[in-house]
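Chains as they are written, first to last, in UniProt numbering: chain L, 1 to 323; chain Y, 1 to 312; chain A, 1 to 247. By construction, the Cβ of each residue, glycine as well, lies at the ideal position given by its N, Cα and C atoms. Below is one structure; the comments refer to it alone.
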Amino acid sequence: MISILKNDLNRLLCKKFRIVLTLTLTTLAIMAAIFINTHVQGMGNIALVTENGKYDKALPSSFNITITDESPAFSELVSGKYDAIITDTNGTVSIETIKNDDYRTSLQALFSGQTISENAGSNNRGIGTRIIGYLMMFMLLEGVVLMYMFADDKEKKQITRVAVSPLSMTKYLFSHSIFTFLFIFIPTLMILYIVKFVMAADIGFSLPEYILLLGIISAFATAFSLFLNALASKSETANMMGSAIVILTTMLSGSFYSFEKGNALLENIISVLPQKAYLTFVGGLESGLAIQDILPSLFYLTSLGLIFFIVAIVKTKKDYVNH
Amino acid sequence: MKNLINVQHLEKSYKNKKVIHDLSFQVAKGEILCFLGPNGAGKSTTINILTGALGFDSGKIDYCGQSIHKNLGGFKRKLGVVPQDLAVYEDLSGKQNVEFFASLYGLKGDKLRRQSHEALAFTGLLEKSEDKVDTYSGGMKRRLNIACAIAHQPDLLIMDEPTVGIDPQSRNHILSSIKKLRDRGMTILYTTHYMEEVEEISTRIIIMDKGELVASGTKERLKESIENEKQYWIDIENPERISADLFYQIEGVKAVIIEGKKIGVTSLKGIENLDRIITVLINIAAKIKGISCESASLETVFLDLTGKSLRD
Amino acid sequence: MYQFNRIFKMDLINLATNPMWIFYSTGFPLLLILIIGFLTSGSYGKEVTSYDYYGITMMIFTVLYSATISANSFMEERIKSGNMRIIHSPVPPFFIYFSKILASFVFTTICYTFAGIVLMLTVHVNFGGSNGVFVWGLLVLLNFFSCTLGVLMCCALKSESTTNQLLSMLITLLAVLGGLFFPLDGLGKAIEMISYLSPVKWISTAIFQLIYDQKDVLLAPTAFIITGLSVLMILLSTRLFKREDYL
Chain L
1 MISILKNDLN RLLCKKFRIV LTLTLTTLAI MAAIFINTHV QGMGNIALVT
51 ENGKYDKALP SSFNITITDE SPAFSELVSG KYDAIITDTN GTVSIETIKN
101 DDYRTSLQAL FSGQTISENA GSNNRGIGTR IIGYLMMFML LEGVVLMYMF
151 ADDKEKKQIT RVAVSPLSMT KYLFSHSIFT FLFIFIPTLM ILYIVKFVMA
201 ADIGFSLPEY ILLLGIISAF ATAFSLFLNA LASKSETANM MGSAIVILTT
251 MLSGSFYSFE KGNALLENII SVLPQKAYLT FVGGLESGLA IQDILPSLFY
301 LTSLGLIFFI VAIVKTKKDY VNH
Chain Y
1 MKNLINVQHL EKSYKNKKVI HDLSFQVAKG EILCFLGPNG AGKSTTINIL
51 TGALGFDSGK IDYCGQSIHK NLGGFKRKLG VVPQDLAVYE DLSGKQNVEF
101 FASLYGLKGD KLRRQSHEAL AFTGLLEKSE DKVDTYSGGM KRRLNIACAI
151 AHQPDLLIMD EPTVGIDPQS RNHILSSIKK LRDRGMTILY TTHYMEEVEE
201 ISTRIIIMDK GELVASGTKE RLKESIENEK QYWIDIENPE RISADLFYQI
251 EGVKAVIIEG KKIGVTSLKG IENLDRIITV LINIAAKIKG ISCESASLET
301 VFLDLTGKSL RD
Chain A
1 MYQFNRIFKM DLINLATNPM WIFYSTGFPL LLILIIGFLT SGSYGKEVTS
51 YDYYGITMMI FTVLYSATIS ANSFMEERIK SGNMRIIHSP VPPFFIYFSK
101 ILASFVFTTI CYTFAGIVLM LTVHVNFGGS NGVFVWGLLV LLNFFSCTLG
151 VLMCCALKSE STTNQLLSML ITLLAVLGGL FFPLDGLGKA IEMISYLSPV
201 KWISTAIFQL IYDQKDVLLA PTAFIITGLS VLMILLSTRL FKREDYL
């Protein structure tokens, strides 16, 4: 087993460029995640257009308001730079927004001097959950790529040598998995902490909590990519399928943006996604939910990971050991 | 015979390591020239330089009196290459493969179909030509590898170990095909590890070692060169104390090879020194299990020249 | 030219007969846009729908992913050995990689156009009406750029798996920074500045301006820069492509 780990390490070390690359990209991803998420979004950005570019009434505090005398382009609404353009012509307020009617109504109310509760549409996730949400996609993608050594062994048939050696297939796969796990987990954790200190940013969770949380998702990423590579006969297939599945399901599970108003069927589908369970667990932990409330998500995630791992072993054994 | 290829003082280094050193040789029209050499002798490098795929540091390569680099495209058109690896698309049929590669040599239309058909027929793949390559046996893939190289009817066919890892039937098929191609006027440059193949098809042999040419000539001529030599093979049980120097002291001994429990001693023919060789072995308390004597074969020529067994 | 056509045709067949690539170039963008568009539809109004936003951004994202298709069409094991034989044949090396660029470009352009038409017909993604041609043109240019990028990576890194890793992470990062997954502009000036580091951002801005402001100031410069970059990628590939790597 140790020899497989050593072999994996030596093979990876031959690709120094690759290591540097992974580390650089991970660093960038983490920096982006922290940076974006420490800039908390309020209820939105609003361009307030007045005749002289001045506004003397009191402004609602929960908005980011830019006062201007020239109306921004409509495309800036679409690109999300502004959530609404409010034009005030001598006290008459007109609102231009591409958001839904609720949003328009509450804006209308606010700018006509009424008070409403100012939490509609705000993102209620904690900062740690959001950072992890961002990192999740990168970590899952990394898992898919790092398992290439197993894919390579299959494609170039080195695995047939393993199959006839006294090393059991389970141990062989387990070794690859440990390797992949460590290479997702350690750099991410390290860089996260370095960036935290360099940028002096609040990242939501404590170190032990991050160890636990990143450990869970690293393990899951490993199991998933092992599963995928065991099923696919070609490394490109595993790679391309893997990235497509990861990108699609991770976005769906709401890693970047939580989909609150969907339809029931899709919401049911989403609730099956392991990433969703993970985010529920992370979010629950951050918001201080009781442990028994978040345990089911964790249990679901671990069982799914375990199933992936077992299926990978069974399939690989079937392909190479007793055929 | 007219020279098709003329190589003069070829030099090539990789990262300061010389892999080809002052290599000069000719390929005559219509011959089957076999390149022999242990692994790492520089055979594949020489071939890749000859095909124009690899550059070289200095020297000259002429094809029909003209530098190949002056008109590389024109030269490549006359050249067929059978690479050591199976360079075919597994997802396509044999016919699709042959037609595709032949088209790269400018064949089109009827001519393309006819010559591809001929190449497939020649390699005995016609029946299976519509099948996907991944359903082929190892030998069939090797034959397809050849078909892809001959469909455009090259003047010169370069084959880099085309029979690696196949069954005897397929090998025989390939060897007799090569002879047939030669009979049609094709010139063939052939590298191999297998001495039997060289014995069977070669009209001339070049032996390379460490990037240099160590001998060349017909197999008869090469054998003649060591005709006044013979070789003893001695099997012993405890080779620990054996060293080559022990034998070089004996009169008439020209070369000594120690391969595990086997010792090869090359000696001049006129001198009877077997008893002295045995005495040396007895003196170091070696347990002799058997002795045989061989006269010149290509294998012994090779050993004599390179000090290595071919399949080292 | 005849030889180039043959290689091109072969590369195209290799792409078009692989169900993976077909899914990747049609099913993936469709699924991505339809599902995410549907999920976010609630927070958008009627004038501009979520499909309008994600139809454009996710299309840009998929177009960037063409790089992995061209990279794989170049380096995939089963194709690599065929490439080796082409090296020995009397065709200029330029044909080998340029044909991969062109084949993946043609293949993906057809697939994406199909996906785009489906999106227009089903969820009425606004591709700009009369300006749609320019929007499509920009996407096609970007697609060409992606294909040259993928092949360049192969020439430079000489390894399929490293190329895959680099591309998938780089594209995801560029996409996040470019605001493709979710709008970034609203998050403040600093982030907006960073966002403009990603070339993806210029393209999405150019496209949104074309569609919603009928403004084409960015069209020509963007098209010009993408074309220039594509040419640069091809030139670099010429520099880095070594026949020896296939022997």
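Min CB distance residue i to chain L below 8 Å
i: Met20/A; result: yes
i: Asp11/A; result: no
i: Gly42/A; result: yes
i: Gly132/A; result: no
i: Thr162/A; result: yes
Within 8 Å, strictly: CB atoms of residue i and residue j
i: Lys276/L; j: Ser253/L; result: yes
i: residue 315/Y; j: Ile277/Y; result: The structure shown does not extend to residue 315/Y, since chain Y is modelled only from 1 through 312, so no value can be given for it.
i: Val256/Y; j: Tyr232/Y; result: no
i: Gly185/Y; j: Ile166/Y; result: no
i: Val49/L; j: Ile95/L; result: no
i: Ser13/Y; j: Val7/Y; result: no
i: Gly74/Y; j: Leu157/Y; result: no
i: Val195/L; j: Ile2/L; result: no
i: Gly55/A; j: Ile33/A; result: yes
i: Asn126/A; j: Ile211/A; result: yes
i: Gly133/L; j: Leu279/L; result: yes
i: Leu134/A; j: Leu219/A; result: Looking at the sequence provided, one finds Phe at residue 134/A rather than Leu. In contact: Phe134/A and Leu219/A (Cβ atoms closer than 8 Å).
i: Met139/L; j: Ile203/L; result: no
i: Gly150/A; j: Ser66/A; result: yes
i: residue 336/Y; j: Ser116/Y; result: The requested residue 336/Y does not occur in the structure, where chain Y is confined to residues 1 to 312.
i: Val98/Y; j: Leu126/Y; result: no
i: Ser168/A; j: Thr68/A; result: yes
i: Phe17/L; j: Thr172/A; result: no
i: Ile188/Y; j: Pro162/Y; result: no
Chain A contact for residue i (CB, 8 Å cutoff)
i: Leu252/L; result: yes
i: Asn119/L; result: The predicted position of Asn119/L is uncertain, since its pLDDT is 48 and thus under 50; a value taken from the coordinates is nonetheless stated next. Judged by the 8 Å Cβ criterion, Asn119/L is not in contact with chain A.
i: Gly165/Y; result: no
i: Asn123/L; result: Confidence is the limiting factor: at Asn123/L the pLDDT is only 49, short of 50, which leaves the residue's position unreliable and the question unanswerable from this model.
i: Thr97/L; result: yes
i: Lys157/L; result: no
i: Glu90/Y; result: yes
i: Leu54/Y; result: yes
i: Tyr148/L; result: yes
i: Ala163/L; result: no
i: Leu86/Y; result: yes
Which of helix, strand or coil DSSP assigns to residue i
i: Met147/L; result: coil
i: Asn123/L; result: Only weak support exists for where Asn123/L lies, its pLDDT of 49 falling under 50; the value from the coordinates is given anyway. The answer is coil: DSSP assigns Asn123/L none of H, G, I, E or B.
i: Ile313/L; result: helix
i: Met159/Y; result: strand
i: Arg311/Y; result: With a pLDDT of 47 at Arg311/Y, under the threshold of 50, the predicted position of this residue should be treated as unreliable, and no value is reported.
i: Ala28/Y; result: strand
i: Arg184/Y; result: coil
i: His117/Y; result: helix
i: Lys223/Y; result: helix
i: Ser129/Y; result: coil
i: Ala215/Y; result: strand
i: Gln153/Y; result: coil
i: Gln165/A; result: helix
Residue i at chain Y interface by Cβ criterion, 8 Å
i: Thr108/A; result: no
i: Ile7/A; result: yes
i: Ser81/A; result: yes
i: Glu244/A; result: yes
Exercise for review: Scan the segment 83-101 of chain A for residues whose Cβ lies nearer than 7 Å to a Cβ of chain Y and list them as they occur along the chain.
Suggested key: Met84, Arg85, Ile86, Ile87, His88, Ser89, Pro90, Val91
Review point. If we count Cβ pairs, one from each stretch, closer than 8 Å, do we get three or more for the segment 11-19 of chain A versus the segment 144-156 of chain A?
Key: no
Point to revise | Stretch-stretch touch, CB-based, cutoff 8 Å, three pairs: the segment 79-99 of chain Y with the segment 70-84 of chain A | key: yes
Review point. Given 8 Å as the limit, is there contact between the segment 225-243 of chain L and the segment 150-157 of chain L, that is, 3 or more CB pairs closer than that?
Key: yes
Practice item. Determine, using beta-carbon pairs with one atom in the segment 212-230 of chain Y and one in the segment 54-71 of chain Y, whether at least three such pairs fall under 8 Å. Key: no
Check your understanding: Along the segment 12-34 of chain L, what residues have a CB closer than 9 Å to any CB found in chain A?
Key -> Lys15, Phe17, Arg18, Leu21, Thr22, Leu25, Thr26, Leu28, Ala29, Ala32, Ala33
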